[in-house]
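Visitor: Residue 20 in our numbering sits at position 19 of the sequence shown, with consecutive numbering throughout.
Each residue gets a CB set at the ideal place from its N, CA and C atoms; glycine is no exception.
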Amino acid sequence: MTHDIRLIALDLDGTLLNEKGLLTSRSARALTCAHEQGIFIAAATGRAFCALPADVVALPAISYIITSNGTGIYQMPEEKRIYTNAMSRENLEQLLPLLDTFSCPIEAYIDGIAYASADYVGNPEAFHLPPRSCAYVQATRRPCPNMGQLIRSSSAPVEGISAVLTAPEARAALREAAGKIPDLYVTSSAPHFIEFAAGSASKESALRVLTQLLGITSAQVMAFGDAENDAEMLSFAGIGVAMGNAAEILKQIADMVTASNAEDGVAQTIEKLLKTL
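(1) Where do the N-terminal and C-terminal ends of the beta strand (DSSP E) with Met223 fall, by residue?
(2) Does the count of Cβ pairs from the segment 2-13 and the segment 224-239 closer than 8 Å reach three?
(3) Should Asp1 and Asn92 be called a contact, given that it needs their Cβ atoms to be closer than 9 Å?
(4) Taking the beta strand (DSSP E) that Pro144 belongs to, which residues open and close that run?
(5) Taking the C-alpha atoms as reference points, what is the distance between Val258 and Ala232?
(6) For Gln253, which three-state DSSP category applies?
(7) Would Asn262 and Asn86 be called neighbours here (beta carbons separated by less than 9 Å)?
(8) Looking only at C-alpha atoms, which of Gly123, Glu264, Thr25, Gly239 sits nearest to Gly245?
(9) Quick one: grab the DSSP three-state call for Gln76.
(10) Nearest to Leu97 by alpha carbon, out of Ala268, Ala198, Lys273, Ile254?
(11) Who are the Cβ neighbours of Val57 in its own chain at under 7 Å, not counting the five residues just before and after it?
(12) Looking only at DSSP bridge pairs, what is Gly241 linked to?
(13) What residues in its chain sit with their C-beta under 7 Å from that of Asp112, if we drop five residues either side in the sequence?
(14) With 16 as the cutoff for other CB atoms within 10 Å, does Ala31 come out buried or exposed?
(15) So, with DSSP's three-state summary, where would you put Lys273?
(16) I need the boundaries of the beta strand (DSSP E) containing Phe41, first residue and last residue.
(17) Starting from the Cα of Ala52, find the closest Cα among Gln139, Pro132, Pro61, Ser104 and give me that residue.
(18) List the DSSP bridge partners of Arg82.
(19) For Ala243 and Ala127, I'd like the C-alpha separation in whole angstroms.
(20) Please classify Ile66: does DSSP put it in a helix, a strand, or coil?
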């Protein structure tokens, strides 16, 4: 591994964070060492800014955070938003009636804050989420009794919307129907989520903006991920790294596969990279 890597981009859940959703000391140390070698570190997540783990936000090695599947970029440690790619009114006017037909809980990421249907936040177990996801939802989502009204009336940018669907048939039907809406990005970071954003939004598009800002090329980027919403980012990067626990499709497009997030796969790869510098 003898590439001139200047930027490391990292998905969080299932990638940088371990199976318990924690940033390990080994991973934090690897990022710090890379930062000290002059490499920029950027987290790239589907999470809204308000839902980021405190230890990730507080880590001095992280210079940028890409949020909500590429709809925002924050400069750290200032927590200054330097890029926004919000959904258009046309997106919302077509998507919201479609979501109404599925009668499912929805989440909306508005100006860095995550809102969700009140019944879902109050009892996420009823929607068959795993225990850790239930705790995460209740800790990070602001309950709202009428999500459609909230979204339609928002004067702040709507970064993204997620539908919570546990039935595979319903997810497939929603994806097929949403795929007919022009200029709409559709992806998924977890089995029970279908996520929507502006058609030009993705982790890759935000990462492209960041490379231009930093004056570097895609060949100088190493990106890590585990899920569908990481695919474009891994393809864009000079070195795309799939986690050992990644979806099979991601492993097929990646340049390399590292150990799982439970085995500090990110740290293992960065440690090997730093030995070549």
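Guide: To lay it out plainly:
(1) For the purposes of this step, residue 223 is taken as residue 222 along the sequence shown, with counting starting at 1. The continuous beta strand (DSSP E) containing Met223 extends over residues 222-226.
(2) With a cut-off of 8 Å, the segment 224-239 and the segment 2-13 count as touching, because enough Cβ pairs lie within range.
(3) Examination of residue 1 is not possible in this model, given that the chain is present from 2 through 278 alone.
(4) Residue 144 sits at position 143 when you count from the first residue of the sequence shown. First-last of the beta strand (DSSP E) with Pro144: 143-145.
(5) What you label residue 258 is simply residue 257 of the sequence shown in a count that begins at 1. What you label residue 232 is simply residue 231 of the sequence shown in a count that begins at 1. Ala232 has its alpha-carbon roughly 13 Å from the corresponding atom of Val258.
(6) Here residue 253 refers to the residue found at position 252 of the sequence shown. Helix.
(7) The sequence position of residue 262 within the sequence shown is 261, counting from 1. The sequence position of residue 86 within the sequence shown is 85, counting from 1. For the 9 Å CB-CB criterion, Asn262 and Asn86 do not form a contact.
(8) Along the sequence shown, one-based indexing puts residue 245 at 244. Looking at Gly123, Glu264, Thr25, Gly239, the one whose alpha-carbon comes closest to that of Gly245 is Glu264.
(9) As a position in the sequence shown, residue 76 is number 75, starting the count at 1. Gln76: strand per DSSP, three-state reduction.
(10) Taking the sequence shown and counting its residues from 1, one reaches residue 97 at position 96. The residue with the shortest Cα to Cα distance from Leu97 is Ala198.
(11) Looking up residue 57 in the sequence shown gives position 56. Sequence-distant partners of Val57 (beyond 5 residues in either direction) whose C-beta falls short of 7 Å from its own C-beta, in its chain, are Leu13, Leu24, Ala44, Ile63.
(12) Mapped onto the sequence shown, residue 241 falls at position 240. DSSP lists Ala224 as partners of Gly241.
(13) The residue given as residue 112 occupies position 111 in the sequence shown. Correct list, in chain order: Ala157, Pro158.
(14) As a first step, residue 31 must be located in the sequence shown, where it is residue number 30. Under this definition Ala31 is a buried residue.
(15) One-based indexing of the sequence shown puts residue 273 at position 272. Looking at Lys273 - three-state DSSP - the assignment turns out to be helix.
(16) Along the sequence shown, read from residue 1 onward, the residue named residue 41 stands at position 40. Here the beta strand (DSSP E) through Phe41 covers 41-45.
(17) For the purposes of this step, residue 52 is taken as the residue at position 51 of the sequence shown. Of Gln139, Pro132, Pro61, Ser104, the residue nearest in Cα terms is Gln139.
(18) In the sequence shown, counting from the first residue as 1, residue 82 sits at position 81. BP columns for Arg82 point to Tyr75.
(19) For the purposes of this step, residue 243 is taken as the residue at position 242 of the sequence shown. For the purposes of this step, residue 127 is taken as the residue at position 126 of the sequence shown. If I take the Cα positions, the gap works out to 32 Å.
(20) As a position in the sequence shown, residue 66 is number 65, starting the count at 1. Ile66 falls in the strand class under three-state DSSP.
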